[in-house]
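Taken in sequence, the protein lines are chains G and F.
Under my numbering, the first residue of the first sequence carries the number 1, and numbering increases by one thereafter.
Under my numbering, the first residue of the second sequence carries the number 1, and numbering increases by one thereafter.
There are 2 protein chains.
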Amino acid sequence: MSFPTVGIIGAGQLARMTIAPATALGINLKLFAGAPSESAAQISSHIVGDYTKSEELIAFAKACDVVTFEHELVPQSVIRALESAGVKVYPRSETFIYSQDKIEMRRKMDELSIRNPAWEIFDSHTPELSFPLIAKSASGGYDGRGVFVVNSMEELREVRGKVGAPLLIEEKLPFTRELAIMVARSPHGQAATWAPTLTVQSDGICTMTVTPIPGISDAQAVRASEIALKIADGVKLVGVMAVELFEVDGELIVNELAMRSHNSGHWTIEGSQTSQFEQHLRAILDLPLGSTALNAEWAVMGNLLGGEKTDMYRPYLHLMARTPALNFHQYRKEVRPGRKIGHITLIGDDLEFLQSEVAHAVDYMSGAIDE
Amino acid sequence: MSFPTVGIIGAGQLARMTIAPATALGINLKLFAGAPSESAAQISSHIVGDYTKSEELIAFAKACDVVTFEHELVPQSVIRALESAGVKVYPRSETFIYSQDKIEMRRKMDELSIRNPAWEIFDSHTPELSFPLIAKSASGGYDGRGVFVVNSMEELREVRGKVGAPLLIEEKLPFTRELAIMVARSPHGQAATWAPTLTVQSDGICTMTVTPIPGISDAQAVRASEIALKIADGVKLVGVMAVELFEVDGELIVNELAMRSHNSGHWTIEGSQTSQFEQHLRAILDLPLGSTALNAEWAVMGNLLGGEKTDMYRPYLHLMARTPALNFHQYRKEVRPGRKIGHITLIGDDLEFLQSEVAHAVDYMSGAIDE
């Protein structure tokens, strides 16, 4: 037995952040990139190809013991072609569909008796609807893209004209907060969750996470963990998955699933004994899972979004001097306004300090504030 | 200003462990390797060359903003040639000499009034000596190589015959323990130390470190820090340095210096908010230094030494399942008996548990025990 090779389809920041644990564990990584300039391809062994072409992926997979995904864009037909060719792909197509198709996901949650928002597929015969409601494209949306708040039948028809069918419509829930929980599961069925995370959103984009959730009861944290474990088992997850939840009157209701390492789990790099990136490698290789214990009382993560400034190096001098405990993660992506170009994490026991320093650093990096 | 490129001369495990913080900080790494099979060259951008040839290193340095070392083997004449060619090299030749030549180091410690063992250069006219004493080659020794316990004039002459001149001889100190402290210093003079570390040695090789040192007084920890800072300032260090110390009757006496990331600082990867590898990058780039605060009450590191087994992957299944909080660092070096092929670190608040689990894992990986 020798050290295995993991192939990742995708070479963005999630693949980039997988390099560190793969290096430590001695696992070889190979990336299937769209372009050599992509975040992880800049520094890791890769080939450039088209992930919609199954013959290219099958050729890539020949050098890998296991293949996994960094995004939801690989078509089901291509994943199934890989499986038919004998490639070990995790998550498997029949699991990954719930991360790719929101209608399939809603059906599965109902089947598993996991609480969903009231939902249906919009068609021209849909009878009376109460507005406002949420309309979502079944696939392809993220960071608020493909999700619409709709106030009238006229707006709804407009959205369908833009997005196309099938269109998922859901009740607009009066949630008090949004949270997320990461879960990992391996082929032999070992599973582990991390502490649930508060996700602070702005315009549909997560700007900050706080872990554990301030004021959450033990019972509620256990409930979140039970939901994540039940879904992981129900969809036969192999790898890590983010479960995004709404809290409504103390109830937890599933919003979205993502079957890969996820922004709401970035805090685990410093905040947990095993990061989501390491755990994903362990899970897909069927190695025992690592401890998900916290390394500190609190972990606060802030996303760095591109602003008008394109120089992302110089602000280091200021922020590193101001807050020597800040952990930086630069994705080295081309800076565009509103684009996630990095994140920072701070761990410690003074939550107010952690939150204010992270908020300051985010605003300083984006150029929203000057000092 | 854009993200800088750091060139490392050497591509062993120290360069390998620098990949993770360079990736997070967005810093480009280039390695000057001896062979593509070397630990870090397996996964990082590199060229293969001969570090004794200044023209090769000068060509390599053209693509780098700063060049640094992973080992002490680059000749002084070559480092000075790089400096003359305008290459920014850290540590500089006049600093690095104290890491390369133990006689120069002893002279400098005396000049700085830092406590040394009694020492002299052995020559045939050296008058009466009291045995046993320690004889050391001035350069090239590490992990106990080049260091000899000598019991008689006859043995001493034999050692000199083997090692050559100049031969450093030192009093053999009745130390109660060996410790080490890491220090970082940047060109603008900012300096930081980590908590001193107990180094447990066996046959001149460090097998385990425990941080902080059990039972050390605050005054003694401060004293170790003062010594490290005084040396760093006195030699105009830029980068990180390990100061290895003997404790004799409560006094701290300098044993060795290493001006690079060092085995006694590996615990900082998980045990400190800023690892020695990240701090070295920050220091040589003149970025503000990161926090050296501890992430846990205790950090215990164990070196994985090669044994008869050459399969270093399969033991994962057992050890990961037994101790889910173990952090593995595989160097992916060819396994040879006694060779350092990786290390593990465990952090937490139960020192006895951490030590016994690390000791078990080390013995299990080497094949010394079977379960």
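Every residue gets a Cβ at the ideal spot worked out from N, C-alpha and C, and that includes glycine.
What you are looking at is a predicted structure, and each value in this text was computed from that prediction instead of being measured.
Under 7 Å from the C-beta of residue i: neighbouring residues of chain F
{"i": "Ala293 of chain G", "result": "Ala325"}
{"i": "Arg16 of chain G", "result": "Thr23"}
{"i": "Phe353 of chain G", "result": "What Phe353 of chain G touches in chain F: nothing, since even the nearest Cβ is about 13 Å away."}
Chain-ordered neighbours of residue i on chain F, where CB pairs are closer than 9 Å
{"i": "Met320 of chain G", "result": "Arg282, Leu287, Pro288, Leu289, Gly290"}
{"i": "Ile19 of chain G", "result": "Ile19, Ala20, Thr23, Ile43"}
Separation of residue j from residue i, as counted between CA atoms
{"i": "His360 of chain G", "j": "Phe328 of chain G", "result": "14 Å"}
{"i": "Leu304 of chain G", "j": "Lys108 of chain F", "result": "46 Å"}
{"i": "Pro127 of chain G", "j": "Ile121 of chain G", "result": "12 Å"}
{"i": "Ser44 of chain G", "j": "Ala20 of chain F", "result": "12 Å"}
{"i": "Val235 of chain F", "j": "Gly265 of chain F", "result": "20 Å"}
{"i": "Thr176 of chain F", "j": "Glu247 of chain F", "result": "6 Å"}
{"i": "Ile403 of chain F", "j": "Arg185 of chain F", "result": "One cannot answer for residue 403 of chain F here, as it falls past the ends of chain F, which runs 1 to 371."}
{"i": "Lys30 of chain F", "j": "Tyr316 of chain F", "result": "30 Å"}
{"i": "Ile9 of chain G", "j": "Ala35 of chain G", "result": "12 Å"}
{"i": "Asp101 of chain F", "j": "Ile369 of chain F", "result": "39 Å"}
{"i": "Ala138 of chain F", "j": "Leu167 of chain F", "result": "6 Å"}
{"i": "Arg145 of chain F", "j": "Gly204 of chain F", "result": "8 Å"}
{"i": "Val150 of chain G", "j": "Val163 of chain G", "result": "13 Å"}
{"i": "Ile412 of chain F", "j": "Leu129 of chain F", "result": "Outside the shown range of chain F, which is 1 to 371, sits residue 412 of chain F, and nothing can be said about it."}
{"i": "Gln273 of chain F", "j": "Gln279 of chain G", "result": "21 Å"}
{"i": "Ala232 of chain G", "j": "Ala283 of chain G", "result": "12 Å"}
{"i": "Trp267 of chain G", "j": "Pro187 of chain F", "result": "32 Å"}
{"i": "Val335 of chain F", "j": "Tyr364 of chain F", "result": "15 Å"}
{"i": "Ile269 of chain F", "j": "Glu352 of chain G", "result": "26 Å"}
{"i": "Met182 of chain G", "j": "Thr207 of chain G", "result": "17 Å"}
{"i": "Tyr51 of chain F", "j": "Ala81 of chain F", "result": "12 Å"}
{"i": "Ala40 of chain G", "j": "Gln13 of chain G", "result": "6 Å"}
{"i": "Glu56 of chain F", "j": "Ser84 of chain F", "result": "14 Å"}
{"i": "Gly239 of chain G", "j": "Thr209 of chain F", "result": "34 Å"}
Proximity test, Cβ basis, 8 Å: residue i and chain F
{"i": "Ser225 of chain G", "result": "no"}
{"i": "Ile43 of chain G", "result": "yes"}
{"i": "Leu317 of chain G", "result": "yes"}
{"i": "Ile8 of chain G", "result": "no"}
{"i": "Ile114 of chain G", "result": "no"}
{"i": "Phe60 of chain G", "result": "no"}
CB contact check: residue i to chain G, cutoff 8 Å
{"i": "Tyr90 of chain F", "result": "no"}
{"i": "Ala296 of chain F", "result": "yes"}
{"i": "Tyr313 of chain F", "result": "yes"}
Neighbour list for residue i in chain G, Cβ cutoff strictly below 9 Å
{"i": "Gln330 of chain F", "result": "Phe3, Thr23, Ala24, Leu25, Gly26, Ile27"}
Nearest-angstrom Cβ-Cβ length linking residue i and residue j, presumed shorter than 8 Å
{"i": "Ala118 of chain F", "j": "Glu171 of chain F", "result": "4 Å"}
{"i": "Lys88 of chain F", "j": "Val74 of chain F", "result": "Their Cβ separation, rounded to whole angstroms, is 15 Å, which puts Lys88 of chain F and Val74 of chain F out of contact at 8 Å."}
{"i": "Ala15 of chain F", "j": "Glu70 of chain F", "result": "5 Å"}
{"i": "Ala219 of chain G", "j": "Pro196 of chain G", "result": "Ala219 of chain G to Pro196 of chain G, Cβ: 12 Å. No contact."}
{"i": "Leu245 of chain G", "j": "Val300 of chain G", "result": "Wrong, their Cβ atoms sit about 19 Å apart, outside the cutoff."}
{"i": "Thr199 of chain F", "j": "Leu179 of chain F", "result": "6 Å"}
{"i": "Met96 of chain G", "j": "Phe60 of chain G", "result": "Checking the displayed sequence, the identity of residue 96 of chain G turns out to be Phe instead of Met. Contact doesn't hold; Cβ gap of about 17 Å is too wide."}
**Asked** Looking at chain G, which residues of the region 259-278 of chain F have a Cβ within less than 7 Å of any of its Cβ atoms?
**Response** Gln273
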